[in-house]
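Residue numbers (numbering that gives the first Met the number 0): 0 to 786.
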Amino acid sequence: MNDPEYGWMDNGSVAYNKIHGSRRWTWFVLIAGVMLPIITIGVELTTRMCSSIFFDPIPTVWHAILLGLVPLANAVTIFVWRRGITRYLTLLVFLAGMSIGVELFYSIEFIPLAPFSAIGILMMGIGLCGLSPFFAFASSIVCGNRLKDLYPEQSRKRAAALWGGIVVGLVFLSAFVFSSYMTYTGLRMAASADEATSLRGVHMIRTFGNKSTLLRACYGLPSGFLTGDLFWRDDQQIDRENARTTYYRVTGNSFNTVPPPKMFGARGQMVSDFDWDSDVGGTAVNGVVRSLSLSSSCMDSLVETDSLASYTEWTMVFSNSSSSQREARAEIALPPGGVVSRLTLWVNGEEREAAFSSTGNVRQAYQEVAVVQRHDPVLVTTCGPDRVLMQCFPVPADGNMKVRIGITSPLTPDGHSKATQVLPYFVEKNFGIADGVKHSVLVQGKTQVRKLISDHDLTGPQGTSEYECSTHAGSVWTPDRLDPKHYAIVQKLSEENVKAPKNVIILIDGSRKMASYTSEIANAISSLPKSCRFTVIEAGDEVSELVPLQSASSNALESAQRNIRHIACVGGIDNRPALLAAHDVASKNHDSVILWIHGPQPLSSSQATEQILQLWQRPGAPEIISVTAIDGWNSIFSDLEKTGAVSQLPRTESVENDLRRLFDQWADGKRSMIVRRRVALRDVVGKCGSSHIARLWACNEVARVCRMGDSRRLIDISKFAALYQIVTPVSGAVVLENEQQYKDAGLKAVDPSSVPSSVPEPATWMALTAGILALAVGRRKLRPKDC
């Protein structure tokens, strides 16, 4: 007997028994429409087999939900059919229609793989996964028809629900196909040499594009048959570098700051079979490697306040959980004015010191040994002011690699009584930080301080320490490393006169991430000296002059503040065209400086790169003062590093306060500066200080020659830098595995006795010993007589 209230139909009814008589279809649906789809979805989510080799069938959570609907709808259909449940039957028919639409879409998507899947059935039946959409599609049609015909008198209503579900499923997935197709079309337009066409492509992706498809293009991975990426002609294929540039222009983020496409299972089962890190031996960090991590990090820092210098040794251990060799790459921000003065690699448990030579020589040696021979080198080269690129290869399969980088840096003086030390940190990296790993920092000075700092906090206040200094701090000398018997390097901290520039070209990056800094920049503009003339240029999709060149009157500054606050920051902006526009203004007005306030510039070389080099390689090119509001890879730094045109404004507080401090120095005409010069040893007076002073002087000499713009002197200055064992824009450091490799590369490792150390120097040890003895004597005098 029927019970409409509870939605049950009597199993003894004629209609029910007539339809329920044939049950063979239920076994087909159970196997082909329930069990096989569940197995296929599980295999893909855990191994990412299809994603790694062909295309990503489950690019979003919504795709996973829709695919999960198929076995669910089929299983519920069998249950309802056998139980005779009638409640919500129309809704169930609609869901069955959605599953038909979903599987119709995937059946079309998997058409190119059907022949391979049929062959794959012979290989442990793995090909059934590729044929699963076709079996599930047939099962969903059977279920939909059974439900639609369960009550013939309501077949019209059920047919409408069935077709409605099919349309909804197809429309949802087709929207993703449309978004992916527009992404690929926009990518090809964005790669155009015509700037207008390129900009239209970027706008197309911002409006209609799909970030998942765009990210896969950055790694050279296809997205699917229906998006057309498997069938474009060879001359239409997406260039990976262009995709990475476009990803930044569209989103405002570098592609390697977000998790890469999930390629493998939780244990990385397919890593050894699919080497997707194609950036090994390159000149940038680029793609993230999931199986690579930093498993240990220790910083030993020696602070010498009398010499206003510090030396930090950063020892890192990299771990590789995959079954293939990997390269660890990281861009490291050095302390302001810092220089790498030591590089060590542990080979078979023994320390090997680096060879210092010209940048071209050390990079050639690294690529020969790392990429070709696949042995154990580590390389450090500069990639901009106060930045170096470190590359280690190979981190062995299921193994570790240990390296050490030594950094000599000056303390930043704040008047004559205080000085600040800044620790190095990662700007970007292609590896992760293992769970629970923090940087173990040990600082030795007048006192010893140990602390654990997370990688995120290393860039903040915890990575900065302030020290009290004597009134004579900084005025010291040290023997010259190359000729210690006749020459010395003299250092002096003094108040130097600073001449404010007549013209200040303020260039503001209009990228999305800069939106939170426009108010700070606008507030700081009010401190610009009234003696200056200024202009404000916005680096947007199109270069805009917000304020024409004029005197810094109160009205002009107020107008500039309003315009700056209304900058529409969007996507990621290539600042090269704006720099060219700023150069045009500076070249027409004598005594000009470009104040460039910006975020990352993770862009591959563009047409404007050669124009920038052409202008700034010439003597007398305007100085660029870089104010890095947001850290990240900056390819413009790399382009201009050998010109010496870019100087970094030390970041100690907020952007607003740092800019105000710069403007106040211009207004006052004075600032505390450390001056170093080479003199005859017989002319020195005063206190002997740290040997690191000589390395810092040599670093300054290299920068001075680079600013002169004489390319003929760069070869000589690179040899000079190598003799002082420092990494500069014209010199680098590389550690090779054995002496034969050094000989083949024409290099020679430095004498281990000549490298700096984080262990205090003898003079420092004497001071510490004297202090300990004084303390001991003092305690003895205070001890009671009867003790």
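No residue lacks a Cβ here, since even glycine has one placed at the ideal position from N, Cα and C.
Here the structure is a predicted model, which is why all the values come from computation and not from measurement.
**Boundaries (first-last residue) of the beta strand (DSSP E) holding F355** = Along the sequence shown, one-based indexing puts residue 355 at 356. Per DSSP, F355 belongs to the beta strand (DSSP E) from A354 to S357.
**Item:** Under the three-state DSSP convention, the category I504 falls into
**Value:** Along the sequence shown, one-based indexing puts residue 504 at 505. In the three-state reduction of the DSSP assignment, I504 falls in the strand class.
**Asked** Where do the ends of the beta strand (DSSP E) carrying T59 lie?
**Response** Sequence index remark: in the sequence shown, residue 59 carries index 60 (1-based). That residue, T59, is in no beta strand (DSSP E); it is neither H nor E in DSSP.
**Item:** Beta-carbon proximity check, G473 vs K450, cutoff 8 Å
**Value:** In the sequence shown, the residue the question calls residue 473 occupies position 474. In the sequence shown, the residue the question calls residue 450 occupies position 451. Their beta carbons are not under 8 Å apart, which means G473 does not touch K450 by this criterion.
**Item:** Helix, strand or coil at E541 [DSSP, three-state]
**Value:** In the sequence shown, residue 541 corresponds to position 542, counting from 1. It is coil, neither helix nor strand.
**Item:** Coarse secondary structure for E495, derived from DSSP in three states
**Value:** Here residue 495 refers to the residue found at position 496 of the sequence shown. DSSP places E495 in strand when its eight states are reduced to three.
**Message:** Between the alpha carbons of S271 and T311, how many angstroms are there, rounded?
**Reply:** Position 272 of the sequence shown holds residue 271. Position 312 of the sequence shown holds residue 311. Annotation note: pLDDT 35 at S271 (below 50); position unreliable, coordinate value reported separately. Roughly 36 Å separates the two Cα atoms.
**Asked** Given S543, which residues of its chain have a CB within under 8 Å of its CB, disregarding the five upstream and five downstream residues?
**Response** To locate residue 543, count along the sequence shown from 1; it is residue 544. Cβ neighbours of S543 within its own chain (closer than 8 Å, five residues either side excluded): I536 and E537.
**Request:** Leaving out five residues on either side along the sequence, give the residues of the same chain with a beta carbon under 8 Å from the beta carbon of G444.
**Result:** In the sequence shown, the residue the question calls residue 444 occupies position 445. Once the five neighbours on either side are set aside, the close Cβ partners of G444 are L301, V302, E303, T304 and Y466.
**Prompt:** Roughly how many whole angstroms lie between the Cα atoms of L90 and I77?
**Reply:** As a working note, residue 90 is residue 91 in the sequence shown. As a working note, residue 77 is residue 78 in the sequence shown. So the two alpha carbons sit approximately 15 Å from each other.
**Prompt:** Which class does G619 belong to by DSSP, given the choice of helix, strand or coil?
**Reply:** By 1-based counting over the sequence shown, the position of residue 619 is 620. In this structure, G619 counts as coil in the three-state DSSP scheme.
**Backbone secondary structure at C49 - three-state DSSP** = By 1-based counting over the sequence shown, the position of residue 49 is 50. Of the three classes helix, strand and coil, the one that applies to C49 here is helix, per DSSP.
**Request:** May I ask which residues mark the beginning and end of the beta strand (DSSP E) holding Y105?
**Result:** Locating residue 105 in the sequence shown gives position 106, where the first residue counts as 1. Y105 -> not in any beta strand (DSSP E); alpha helix (DSSP H) instead, spanning L88 to E108.
**Message:** Taking 7 Å as the cut-off, is the beta-carbon of S139 closer than that to any non-hydrogen atom of the ligand GDP?
**Reply:** You won't find the ligand GDP in this model; it holds no ligand whatsoever.
**Request:** Kindly identify the DSSP beta-bridge partner or partners of R403.
**Result:** Counted from its first residue, the sequence shown places residue 403 at position 404. R403 is bridged to T314 and T343.
**Request:** Note the first and the last residue of the continuous beta strand (DSSP E) segment covering H597.
**Result:** Indexing the sequence shown from 1 puts residue 597 at position 598. Residues S591 to H597.
**Prompt:** To the nearest whole angstrom, what separates the beta carbons of G509 and I572, a pair I think is in contact under 8 Å?
**Reply:** By one-based count along the sequence shown, residue 509 stands at place 510. By one-based count along the sequence shown, residue 572 stands at place 573. Between I572 and G509 the Cβ distance is about 5 Å, and since that is below 8 Å, they are a contact.
**Message:** Tell me the rounded alpha-carbon separation between F793 and P599.
**Reply:** The question about residue 793 has no answer, for the chain in this structure spans 0 to 786.
**Item:** C-beta neighbour in chain D for A628, strict 8 Å
**Value:** Chain labels in this structure do not include chain D; a single protein chain is all it has.
**Prompt:** Between which two residues does the alpha helix (DSSP H) carrying D397 extend?
**Reply:** Here residue 397 is taken as the residue at index 398 of the sequence shown, counted from 1. Premise fails: D397 is in no alpha helix (DSSP H) and is neither H nor E.
**Asked** Is Q560 closer than 8 Å to A850 when the C-beta atoms are compared?
**Response** Within the shown structure, residues of the chain are numbered from 0 to 786, placing residue 850 beyond reach of any answer.
**Residue of Y247, A577, S340 and L198 minimising C-alpha distance to A697** = For the purposes of this step, residue 697 is taken as the residue at position 698 of the sequence shown. The shortest C-alpha separation from A697 is found at S340.
**Item:** DSSP-derived helix/strand/coil call for N554
**Value:** To locate residue 554, count along the sequence shown from 1; it is residue 555. For N554, the secondary structure class from DSSP, reduced to helix, strand or coil, is helix.
**Item:** Residue environment, E640, which counts as buried when at least 16 other CB atoms sit within 10 Å
**Value:** For the purposes of this step, residue 640 is taken as residue 641 along the sequence shown, with counting starting at 1. Buried, by the Cβ-count rule.
**Prompt:** Thinking C-alpha only, which one of L94, I204 and P114 is nearest L161?
**Reply:** As a position in the sequence shown, residue 161 is number 162, starting the count at 1. When each option's Cα is compared against that of L161, the closest is L94.
**Item:** Inter-residue Cα distance where the pair is V249 and V75
**Value:** The sequence position of residue 249 within the sequence shown is 250, counting from 1. The sequence position of residue 75 within the sequence shown is 76, counting from 1. Between V249 and V75, the alpha-carbon positions lie close to 43 Å from each other.
**Message:** Count Cβ pairs between the stretch 476-486 and the stretch 524-535 that sit closer than 8 Å; are there 3 or more?
**Reply:** Verdict: no, contact absent.
**Item:** Cutoff 8 Å; reference I165; Cβ partners in own chain excluding five residues on either side
**Value:** Reading the sequence shown from its first residue, position 166 is the one you call residue 165. Correct list, in chain order: G96, M97, I99, G100 and L103.
**Prompt:** Where do the N-terminal and C-terminal ends of the beta strand (DSSP E) with W632 fall, by residue?
**Reply:** Locating residue 632 in the sequence shown gives position 633, counting from the first residue. Where W632 is concerned, there is no enclosing beta strand (DSSP E), given that its DSSP letter is neither H nor E.
**Request:** Go ahead and pull the three-state DSSP assignment for E652.
**Result:** Position 653 of the sequence shown, counted from the first residue, corresponds to residue 652. In this structure, E652 counts as coil in the three-state DSSP scheme.
**Prompt:** Looking only at DSSP bridge pairs, what is L388 linked to?
**Reply:** As a working note, residue 388 is residue 389 in the sequence shown. Per DSSP, the beta bridge partners of L388 are E330 and T380.
**For E350, three-class secondary structure by DSSP** = Within the sequence shown, the letter at position 351 stands for residue 350. Strand.
**Message:** How far does the alpha helix (DSSP H) with G435 in it extend, from its first residue to its last?
**Reply:** Position 436 of the sequence shown, counted from the first residue, corresponds to residue 435. Counting along the chain, G435 sits inside no alpha helix (DSSP H), nor does DSSP assign it H or E at all.
**Request:** Look up R676 in the DSSP assignment and give the residues it is bridged to.
**Result:** Residue numbering aside, residue 676 sits at position 677 when the sequence shown is read from its first letter. In the DSSP assignment, R676 is bridged to V489.
**Request:** Starting from the C-beta of D299, find all residues in its chain whose C-beta is less than 6 Å away, skip the five residues before and the five after it, and write them out in chain order.
**Result:** The count along the sequence shown starts at 1 and reaches residue 299 at position 300. Closer than 6 Å at Cβ, skipping near neighbours: E312, L441 and S757.
**Asked** P618: buried (16+ other C-beta within 10 angstroms of its C-beta) or exposed?
**Response** Along the sequence shown, one-based indexing puts residue 618 at 619. In this structure P618 is exposed. Its beta-carbon is surrounded by fewer than 16 other beta-carbon atoms within 10 angstroms.
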